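Colleague:
Numbering (the numbering used here), first residue to last: 141 to 593.
1) Compute the Euclidean distance between the alpha carbons of residue 263 and residue 203, then round it to the nearest angstrom.
2) Under 6 Å Cβ to Cβ from residue 532, same chain only, skipping five residues before and after it: list those, please.
3) Which value, in whole angstroms, describes the spacing of the CA atoms of residue 321 and residue 507?
4) Taking the straight line between their C-alpha atoms, what separation do you get for residue 234 and residue 185?
5) Where does residue 600 land, buried or exposed, given buried means 16+ other C-beta within 10 angstroms?
6) Hey, residue 367 and residue 435 are a contact pair by Cβ (cut 8 Å); roughly how many whole angstroms apart?
7) So the candidates are 336, 205 and 221; which of them puts its Cα closest to the Cα of residue 272?
8) Does DSSP put residue 388 in a helix, a strand or coil?
9) I need the straight-line Cα distance from residue 245 to residue 268, nearest angstrom please.
10) Are the segment 457 to 466 and the segment 510 to 527 touching by the rule of at least three beta carbon pairs closer than 8 Å?
11) Can you give the Cα-Cα distance for residue 642 and residue 337, rounded to whole angstroms?
12) Determine whether the beta carbon atoms of residue 404 and residue 437 lie at a separation below 8 Å.
13) Beta carbon of residue 383, beta carbon of residue 305: below 8 Å?
14) What does a CB cutoff of less than 6 Å around residue 512 pick up in its chain, not counting 5 residues either side in sequence?
15) On the CB-based measure, 16 or more other CB atoms within 10 Å of its CB, does residue 446 come out buried or exposed?
16) From residue 154 to residue 179, what does the alpha carbon distance come to, in whole angstroms?
17) Write down every uninterrupted run of the alpha helix (DSSP H) in the segment 189 to 213 whose length is 4 residues or greater and which is fully enclosed by it, in chain order.
18) Tell me which same chain residues have a C-beta within less than 8 Å of the C-beta of residue 172, skipping the five on either side of it?
19) As a quick exercise: from 565, 526, 571 and 286, pick the residue whose alpha carbon is nearest that of residue 554.
20) For residue 296, which residues of its own chain have a beta-carbon under 7 Å away from its beta-carbon, when the five flanking residues on both sides are left out?
21) Out of 378, 369 and 183, point me to the one whose CA is closest to residue 409's CA.
22) So what's residue 182 in DSSP terms, helix, strand or just coil?
23) Quick one: complete beta strand (DSSP E) runs, 3+ long, within the segment 304 to 330?
24) By a C-beta neighbour count over all protein chains shown, 10 Å radius and 16 as the cutoff for buried, is residue 241 buried or exposed?
25) Any idea if residue 432 is buried or exposed, counting beta-carbon neighbours within 10 angstroms, 16 or more meaning buried?
26) Looking at the unbroken alpha helix (DSSP H) that takes in residue 234, where does it start and where does it end?
27) I believe residue 256 touches residue 195 by the beta-carbon criterion, under 8 Å. Please report the beta-carbon distance rounded to the nearest angstrom.
28) Could you check whether residue 275 and residue 301 sit closer than 8 Å to each other, using their CB atoms as the reference points?
29) Look up residue 225 in the DSSP assignment and say whether it is helix, strand or coil.
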């Protein structure tokens, strides 16, 4: 047939028949049975393409409300059966069963959400309703979690599980259950802004934690040395930080550690310093305990306000030893040179404490300097003794010394000199001794004299 003789036929437009309520209910009935099959773990027998098309047609023909309300009622019905089951479970297995139910519910809701994707994009958006997945989480929270025989029991079991871990009964299984159940609370809360985790767990958890460490710290401190307590406290802080990272919400770690630091450190800071024979103040008297001093400092630095108590203890110790030197010099038990050597010995010893135990902290260095200035400037004695010390050193003390040894000795003099408030007093004494050395020709080294000047 030629192109000129080819005939075209225009078919009439086919009108799509509107789905009436009877048909809509029949379609919903098939979807309802599919949701039952999903909850019965028979999803593999379903045609998700057909189910999606049925849901699509319901929404397309203005039966979105029927579908949305029907899904809500159907999910609620299954959750009511779930909560009945959970109520019958003993405490011994409730956390595990709760975790399983939650996991299954999430999987079911993902499949239901996929079937109702078109409703989410159109009807839900236009009617400002909750998307299907979030709807399912909200219904789980109200129907299951907030049931009077579920939430209080699960919360108590979670707190007991943490108490068991603190008592040393740690198992990977317990950790997994904690993480699963707490993750559930976090997701339930984020779905609708209900703050379930904070309201039903975190507040109680932080309260019981505070009470636990209040009692444990009092008990442990009364039966152990300060150093043992510091080791225990560091261990506990590390344990809690690890648990927070494994199981708790990221926002819980900061208030948790703050509470523990208050109970373990701040409340007992003064005691840890003043404990007889083993506190920080007592350890300062023993040159071999610098590692213990650093451990205490490292613990206290977590609560910056408590470190000032350590600086105070250091300052008081230096002042006490310094005043003893002054007293010995006053009663003739020590000559001027011995006094200066004593000052240098104290400076060397506690300078190491500041450098090592206080990790070179500038504030500790300042307090150390102020402590020396306090007892050295009580009168002109220190300036006079330092001048005598220098005189003895330049007359005979440096004989045979190497250049580096001379420099080290002169540096020691400068260390003490810097502590003196009335440097003019030292200068006057020094000039008197210098003149006598030069007139008598008793100076051991002209280079040393020039270096000192």
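Using N, Cα and C, we set each Cβ at its ideal position, and we do this for glycine too. The model shown is predicted, which means the values in this text are computed figures rather than measured ones.
Modeller: Well, looking at it:
1) Numbered from 1 along the chain shown, position 123 holds the residue referred to as residue 263. Numbered from 1 along the chain shown, position 63 holds the residue referred to as residue 203. Distance between residue 263 and residue 203, taken at the CA atoms: about 9 Å.
2) Counted from its first residue, the chain shown places residue 532 at position 392. Contacts found: 477.
3) The residue given as residue 321 occupies position 181 in the chain shown. The residue given as residue 507 occupies position 367 in the chain shown. Cα-Cα distance, rounded: 51 Å.
4) As a working mapping, residue 234 is identified with position 94 in the chain shown. As a working mapping, residue 185 is identified with position 45 in the chain shown. Rounded to whole angstroms, residue 234 to residue 185 spans 31 Å at the Cα level.
5) The chain is shown only over 141 to 593; residue 600 falls outside these bounds and no answer can be derived.
6) Working through the chain shown from its first residue, we reach residue 367 at position 227. Working through the chain shown from its first residue, we reach residue 435 at position 295. The C-beta distance from residue 367 to residue 435 rounds to 7 Å, short enough to fall under 8 Å.
7) Position 132 of the chain shown, counted from the start, is the residue given in the question as residue 272. The shortest C-alpha separation from residue 272 is found at 205.
8) Sequence index remark: in the chain shown, residue 388 carries index 248 (1-based). Here residue 388 sits in coil by DSSP.
9) In the chain shown, counting from the first residue as 1, residue 245 sits at position 105. In the chain shown, counting from the first residue as 1, residue 268 sits at position 128. Distance between the alpha carbons of residue 245 and residue 268: 24 Å.
10) Note that the segment 457 to 466 touches the segment 510 to 527; at least 3 beta-carbon pairs, one per stretch, sit closer than 8 Å.
11) Examination of residue 642 is not possible in this model, given that the chain is present from 141 through 593 alone.
12) Position 264 of the chain shown holds residue 404. Position 297 of the chain shown holds residue 437. Contact: no.
13) Counting from one through the chain shown, the residue named residue 383 turns up at place 243. Counting from one through the chain shown, the residue named residue 305 turns up at place 165. Annotated as proximal: residue 383 and residue 305, with beta-carbon spacing under 8 Å.
14) Here residue 512 corresponds to residue number 372 of the chain shown, with the count starting at 1. Within the same chain, 559 come within 6 Å of residue 512 by CB-CB distance, once the 5 residues on both sides are set aside.
15) For this step, residue 446 is matched to residue 306 along the chain shown. Around the C-beta of residue 446, 16 or more other C-beta atoms lie within 10 Å, and the residue is accordingly described as buried.
16) Here residue 154 corresponds to residue number 14 of the chain shown, with the count starting at 1. Here residue 179 corresponds to residue number 39 of the chain shown, with the count starting at 1. With a pLDDT of 47 at residue 154, under the threshold of 50, the modelled position of this residue cannot be trusted, and the question is left open.
17) The qualifying runs do not exist here; there are none.
18) The count along the chain shown starts at 1 and reaches residue 172 at position 32. 210 and 214.
19) Counted from its first residue, the chain shown places residue 554 at position 414. Ranking the options by Cα distance to residue 554, first place goes to 526.
20) Looking up residue 296 in the chain shown gives position 156. Listed in chain order, the non-local C-beta contacts of residue 296 below 7 Å within the same chain number zero, local neighbours out to five positions each way being set aside.
21) Taking the first residue of the chain shown as 1, we reach residue 409 at position 269. Of the residues 378, 369 and 183, the one whose Cα lies closest to the Cα of residue 409 is 369.
22) Translated into positions along the chain shown, residue 182 becomes position 42. Correct three-state label for residue 182: coil.
23) Listed in chain order, there is nothing to give.
24) In the chain shown, counting from the first residue as 1, residue 241 sits at position 101. Burial state of residue 241 is buried, judged by a 10 Å Cβ sphere holding 16 or more other Cβ atoms.
25) Here the question's residue 432 lines up with position 292 in the chain shown. Around the beta-carbon of residue 432, 16 or more other beta-carbon atoms lie within 10 Å, marking it buried.
26) Residue mapping note: residue 234 aligns to position 94 of the chain shown, counting from 1. Residues 231 to 255.
27) Against the chain shown, residue 256 aligns to sequence position 116. Against the chain shown, residue 195 aligns to sequence position 55. Contact holds; Cβ gap of about 5 Å.
28) Taking the first residue of the chain shown as position 1, residue 301 is located at position 161. Taking the first residue of the chain shown as position 1, residue 275 is located at position 135. Contact flag unset, no.
29) Locating residue 225 in the chain shown gives position 85, where the first residue counts as 1. Judged by DSSP in its simplified three-state form, residue 225 adopts helix.
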